[in-house]
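Colleague: Have a look at this one before I ask anything.
Numbering (the numbering used here), first residue to last: 353 to 676.
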């Protein structure tokens, strides 16, 4: 579609398939024009990407700073074009340049990193490992852009600390939702005042406990988090699965659970359960385990399919039905 071409298939069951790829022949553009790639990476995405705020000024208030690490100039320019209205944008061609930028600039000027996986000199996986090893940068949320749809590739990224991944090609709305969700969680983790979100008891628990920005996990902590994940995943299908129930399963009081989960993950127990529900749903949808959204919603503990769809789109930027 980007090249003005088409792809179609003709298939006979149990016999075989023939695929037809057509690309138009065109004269190359002048070098001057080619040196300024147009932000048209995703077909149809540009329709809303350049939309300004409706206040008539043509400007939106920027709500954070992003570091985009991408070696492809066209995609890098596209990302800048769709994000610069909302965020201050910094760019780097690869992992080496990204680390150099963080070293030379005040790392406090970056709130989130978007990185490609396949890059020269230092790829996304290596960059992520270097970031998580450095106390100065390990708190920064990272979104990985990847064309690697294989489960083991995604699991490796999650295991070494990526906060989210987006499969290429992606829709602008999807990426925007992922960024906003991670920034909200990031700010929640670093906010000392959670009274409105979680109640006075939990707020008091935070006030009397140390909550590091991004703690180093001991083996004991890792094992506890694995148990927490097991208990949470086991309860996702139950619509009555609550923080109190999880605390009981972990043999903790609600207050003790709040302190520990907050200290090790940066999330409140309620946010942790909600995130687990959405991540489980996302995996089911991407793998097409079920043929309808209602079944997926039920499997992760949502009674109301419409409510689940709205919340899922708010979290991931696309409706669950878009996967099926």
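Backbone N, C-alpha and C fix where the C-beta goes; we use that ideal spot for every residue, glycine too.
Keep in mind that this is a model prediction, so the values were computed, not measured.
I think residue 524 touches residue 670, with their Cβ atoms under 8 Å apart; what is that distance to the nearest whole Å?
Modeller: That belief does not hold up - the Cβ atoms of residue 524 and residue 670 are roughly 11 Å apart, past 8 Å.
Colleague: Measure the alpha-carbon distance for residue 386 versus residue 463 and round it to whole angstroms.
Modeller: Low confidence applies to residue 386: its pLDDT is 42, below 50, so where it sits in the model is not reliable enough to give any reading.
Colleague: Short of 7 Å in beta carbon distance, which residues of its chain neighbour residue 435, apart from the five on each side in sequence? Order them along the chain.
Modeller: 418, 441
Colleague: Entirely within the region 561-646 and at least 4 residues each: give me those alpha helix (DSSP H) ranges in chain order.
Modeller: 571-587, 595-601, 606-617, 621-638
Colleague: Grab me the residues of residue 601's own chain with a C-beta within less than 6 Å of its C-beta, minus the 5 sequence neighbours each way, in chain order.
Modeller: Excluding residues within five positions, the ones whose Cβ falls inside 6 Å are 583.
Colleague: Measure the CB-CB distance between residue 454 and residue 488 and report whether it falls below 9 Å.
Modeller: yes
Colleague: Rounded to the nearest angstrom, what separates residue 451 and residue 371 at their Cα positions?
Modeller: Distance between the alpha carbons of residue 451 and residue 371: 43 Å.
Colleague: Give the straight-line distance between the Cα atoms of residue 433 and residue 447, rounded to the nearest whole angstrom.
Modeller: 21 Å
Colleague: Thinking C-beta only, is residue 675 closer than 9 Å to residue 637?
Modeller: yes
Colleague: Shortest alpha-carbon distance to residue 427 belongs to which of 486, 497, 610, 481?
Modeller: 497
Colleague: Among the residues of its own chain, which have a CB less than 6 Å from the CB of residue 630, if the five just before and after it don't count?
Modeller: 667
Colleague: Pick out whichever of 532, 660, 648, 575 has its Cα sitting closest to the Cα of residue 415.
Modeller: 532
Colleague: Going by the CB atoms, is the gap between residue 673 and residue 661 shorter than 9 Å?
Modeller: yes
Colleague: Is residue 671 helix, strand or coil by DSSP?
Modeller: Annotated three-state conformation of residue 671 is coil, per DSSP.
Colleague: Nearest to residue 613 by CA position, among 587, 579, 469, 481, is which residue?
Modeller: Ranked by how close their Cα comes to the Cα of residue 613, the residues 587, 579, 469, 481 have 579 in first place.
Colleague: If the criterion is Cβ atoms closer than 9 Å, does the pair residue 651 and residue 588 meet it?
Modeller: yes
Colleague: Which residues in the same chain as residue 621 place their Cβ atom closer than 7 Å to its Cβ, once the five residues preceding and following it in sequence are excluded?
Modeller: 595, 598, 609, 610, 613
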